[in-house]
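Counting in my numbering, the sequence shown tops out at residue 104, every number present. No residue lacks a Cβ here, since even glycine has one placed at the ideal position from N, Cα and C. Keep in mind that this is a model prediction, so the values were computed, not measured. Beneath this line is the structure, given in structure tokens, with notes to follow.
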Amino acid sequence: MDDYKLMISAAAESDIEGIADYIAVNLREPGIALKQVGRIKDAIVSLREMPERHHVVTDKYLSSKGIRMLTVDNYIIFYVVNKEAGTVSIVRVLYAKREWQTLL
Numbered sequence: 001m002d003d004y005k006l007m008i009s010a011a012a013e014s015d016i017e018g019i020a021d022y023i024a025v026n027l028r029e030p031g032i033a034l035k036q037v038g039r040i041k042d043a044i045v046s047l048r049e050m051p052e053r054h055h056v057v058t059d060k061y062l063s064s065k066g067i068r069m070l071t072v073d074n075y076i077i078f079y080v081v082n083k084e085a086g087t088v089s090i091v092r093v094l095y096a097k098r099e100w101q102t103l104l
């Protein structure tokens, strides 16, 4: 199959901006913030090919929605694959130690 088209939700975009801001401002590490966001974006782009290689979340309700997860350092990218449409929808990008089940 051809590469999947990526669709990033407004919430996921906001999550990525929040991650960058937190690291750059609160931790006072702007260089690390850029590198972290770069790794997250690279991982998202990698989902264009074989997005089903990552597992569905273990939460029963969320797994019934087909939500998959990809871990990048201390962050989790949550996404849904639509094979018929050829799309990967990025739902959220969250800090791994948060109660992410309540945020999705």
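Is it right to say residue i is buried, meaning 16 or more other beta carbons lie within 10 angstroms of its own, or is it exposed?
i      : result
Gln101 : exposed
Ile32  : exposed
Pro51  : buried
Leu34  : exposed
Over what stretch of residues does the beta strand (DSSP E) that includes residue i continue unbroken?
i     : result
Arg98 : Per DSSP, Arg98 belongs to no beta strand (DSSP E) and is neither H nor E.
Tyr79 : Tyr75 to Asn82
Sorted by chain position, which residues of the same chain lie with C-beta nearer than 7 Å to residue i's C-beta, five sequence neighbours on each side aside?
i      : result
Leu104 : Leu62, Ile67, Phe78, Val91 and Arg92
Pro30  : Ala24
Asp59  : Gln101
If I measure Cβ to Cβ from residue i and keep anything under 8 Å in the same chain, skipping five residues before and after, which residues do I get?
i     : result
Val72 : Arg39, Ile40 and Ala43
His55 : Arg68 and Met69
Asn82 : Val88 and Ser89
Ile16 : Val37, Ile40, Lys41 and Val93
Checking 7 Å against the spacing of the C-beta atoms, do residue i and residue j come in under that value?
i     : j     : result
Val80 : Met69 : no
Ala20 : Val37 : yes
Tyr4  : Arg48 : yes
With a threshold of 6 Å on Cβ separation, who are the neighbours of residue i within its own chain once the five nearest residues in sequence on each side are excluded?
i     : result
Met7  : Thr87 and Ser89
Ile76 : Met69, Leu94 and Ala96
What are the boundary residues of the alpha helix (DSSP H) that includes residue i?
i     : result
Lys5  : From DSSP, Lys5 is part of no alpha helix (DSSP H) but of the beta strand (DSSP E) over Lys5 to Ile8.
Ile32 : Pro30 to Ser46
Can at least three beta-carbon pairs, one atom from the segment 81-89 and one from the segment 7-25, be found at a separation below 8 Å?
yes
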